[in-house]
Amino acid sequence: VAAQQAEARGWHLYLVGGAVRDLLLADPEAALLLNDIDLVVDGYHRALQEGAGVELARALQQQYPQARLDIHGQFQTAALLWHKDPELDSLWVDIATARTEFYPYPAANPEVEASSIRQDLYRRDFTINALAIRLTAPRSGELLDFFGGLLDLRSRQIRVLHANSFIEDPTRIYRAVRFAVRLGFEIDPQTEGYIRHAIESGVYDRVQDENSRAPALQTRLKSELKYVLAAPYWQSALQLLSHLGALRCIHPTLTLTPALWHQIRLMSRWLRRFDSSNTLVHWQMLLEVLIADLAPEYRGKIAANLQLPVNSIEALQQLATTQADLASHLTKPQKPSQVVQLLSQYDRSTLILIAARSPRALRQLIWRYLICWAQVKPLLDGNDLKALGYKPSRQFKQILSDLTAATLDGVIGDRDSAIAFLA
Ligand code: CTP
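Sequential numbering of the sequence shown, starting at 1209, is according to my numbering.
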């Protein structure tokens, strides 16, 4: 339908980006679910300021009123979202106008058509993402492969289109790693050289720079980090990022030492053990353990730059104090009730972060707290206290907490001993 709408206006429409790559990689026998589709319209269209992509999206939305339309006028792009069910399949279609000059003659002219879609594709990250399939007649279904993307798909290579790609957009370093690991491809040696060159020339300074361009870069870095750390292949991706020196984009001093790697693996194991229902944000906690490895004075700033939530920024800012506090109290022998009193001041995510960074003895105490002690309830409740003749009062809370402490410390073990304890 989109192609018909485009044809009716004398424009060309192309399927581009990840959908083309995934279609070409897909097993022809297997079903392929494309739920994120990028389309590019290429056509002569000076009259409308918003651009052809936006007009096409509006026309489609009239035909499919159930789709939500979002317009980003500034970039001449529009998105249509079919949202059937948050849990089930949804379809996201981005429609952009080919990023090129608008020529004062119709795009039916094949030279202009080829050059504008070519320019649009040339701006993209890797050859395998710079393929397009024409959806409009004539020659609909034709694959446009200006940069050898098909060959790279076959030989499983991640290759940039030009030497400056990573300098222009350092987040592409993270994208190279994620595609390499996700698809099981190799980063082509010359492309790896460009990555190393970009990093050596200090491209990461720009990511941390507080100038006007930096927030957009930080946002993109964060979304790439999220993508990588939330993926099933996050361990290989992190290793490859480290191998390329790309963790320096997070902070110039960040390196994946064996000690840090050990902490990351501990964190991941603890998250599986204590948060199997995913109430915590696991990718973010992996990022926190990376940031926690920086010197204390950098932690809060880097967490803020990466736009982590306020509680996470604060936990990282206070981490050194919290850790010192826990270490000084918990290295002396403590009764379980004292451990609970101390640890219950912190939330689960802070405790897991501290555990991942702590020596075995402290880790074991946090483990016992999370797995058992935090769940211990008083053996009697308010109704029992009333039945025993206590008048409801603020004192109830203290009595119940004393009962919990006595249970934790093994002073009482059942209701009878609890009643005797009160007497
Ligand atoms: N792109 C780019 N440079 C970036 C981000 C995106 O050139 N820094 C281009 C690529 O051509 C990419 C397209 O924009 O194919 C869409 O980006 P995105 O949706 O992030 O990636 P996909 O390739 O669709 O990958 P995925 O399947 O992971 O969504």
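Here a beta-carbon is modelled for each residue, glycine too, at the ideal position from N, C-alpha and C. For clarity, every value in this text was computed on a predicted model and none was experimentally measured.
- Here Y1577 has V1547, V1548 and L1551 as same chain residues with Cβ atoms under 7 Å from its own Cβ, once five neighbours each way along the sequence are excluded.
- Of all alpha-carbon atoms in D1235, Y1554, G1621 and S1601, the one lying nearest the alpha-carbon of L1587 is that of G1621.
- With contacts defined by Cβ atoms closer than 7 Å, A1406 and I1395 do not form a contacting pair.
- For Q1365, DSSP records a beta bridge to E1394.
- Sequence-distant Cβ neighbours of L1299 in its own chain, meaning closer than 6 Å and more than five residues away, are N1243 and W1290.
- Here DSSP, grouped into helix, strand and coil, assigns W1219 to coil.
- Taking A1345 as the centre and dropping the five residues before and after it, the same chain places the C-beta of E1215 closer than 7 Å to its C-beta, in chain order.
- Contact between L1233 and L1343 does not hold, since the beta-carbon distance rounds to 19 Å and is not under 8 Å.
- Residue environment: S1324 is assigned as buried (16 or more neighbouring CB atoms within 10 Å of its CB, all protein chains considered).
- Shortest gap from the CB of N1337 to any heavy atom of the ligand CTP: under 6 Å.
- I1403 and L1452 have their alpha carbons spaced roughly 7 Å apart.
- In the three-state reduction of the DSSP assignment, V1436 falls in the helix class, which pools H, G and I.
- Between the alpha carbons of R1217 and L1339 lies a gap of roughly 24 Å.
- Rounded to the nearest angstrom, the gap between the Cα atoms of R1380 and T1558 is 31 Å.
- The alpha carbon of S1476 has as its nearest neighbour, out of R1507, I1341 and A1439, the alpha carbon of A1439.
- Excluding the 5 residues flanking it on each side, L1488 has same chain C-beta neighbours closer than 8 Å at L1479, R1556, S1557 and I1560, in chain order.
- Linking Q1398 to L1433 through their CA atoms gives a straight-line distance of about 24 Å.
- The Cβ atoms of N1337 and G1410 do not sit closer than 7 Å to each other.
- Annotation note: the segment 1457-1542 contains the following uninterrupted alpha helix (DSSP H) runs of length 4 or greater, listed N- to C-terminal: 1466-1482, 1490-1500, 1504-1513, 1518-1525 and 1527-1538.
- Taking the Cα of S1545 as reference, the smallest distance to any Cα among G1618, A1528 and A1511 is reached at G1618.
- Assigned with DSSP and collapsed to three states, T1427 falls in helix.
- Contact check for L1514 and Q1426: beta-carbon distance about 6 Å, within the 8 Å limit, so the pair qualifies.
- L1464 places its beta carbon less than 7 Å from that of S1450.
- Put simply, of T1335, E1350 and I1245 the residue whose alpha carbon is nearest the alpha carbon of I1303 is I1245.
- Judged by DSSP secondary structure, A1287 falls within the beta strand (DSSP E) whose first and last residues are T1285 to H1291.
- Of the other Cβ atoms in all chains shown, fewer than 16 fall within 10 Å of the Cβ of C1580; this residue is therefore exposed.
- The beta-bridge partner set that DSSP reports for D1555 is empty.
- A check of alpha carbon separations from E1408 across L1516, R1266, A1454 and L1494 identifies A1454 as the nearest.
- With a contact defined as Cβ atoms closer than 8 Å, D1333 and R1383 qualify at about 6 Å.
- For S1298, the enclosing beta strand (DSSP E) covers residues S1298 to T1305.
- With 16 or more other Cβ atoms from the protein chains shown falling within 10 Å of its own Cβ, E1263 counts as buried.
- Bounds of the beta strand (DSSP E) holding A1340 are A1340 to R1342.
- In this model, P1567 and A1265 are separated by some 57 Å (Cα to Cα).
- In the three-state reduction of the DSSP assignment, I1562 falls in the helix class, which pools H, G and I.
- Counting of Cβ neighbours within 10 angstroms places G1349 among the exposed residues, the total staying below 16.
- Excluding its 5 nearest sequence neighbours in each direction, L1494 has C-beta neighbours in its own chain below 6 Å: L1437, listed in chain order.
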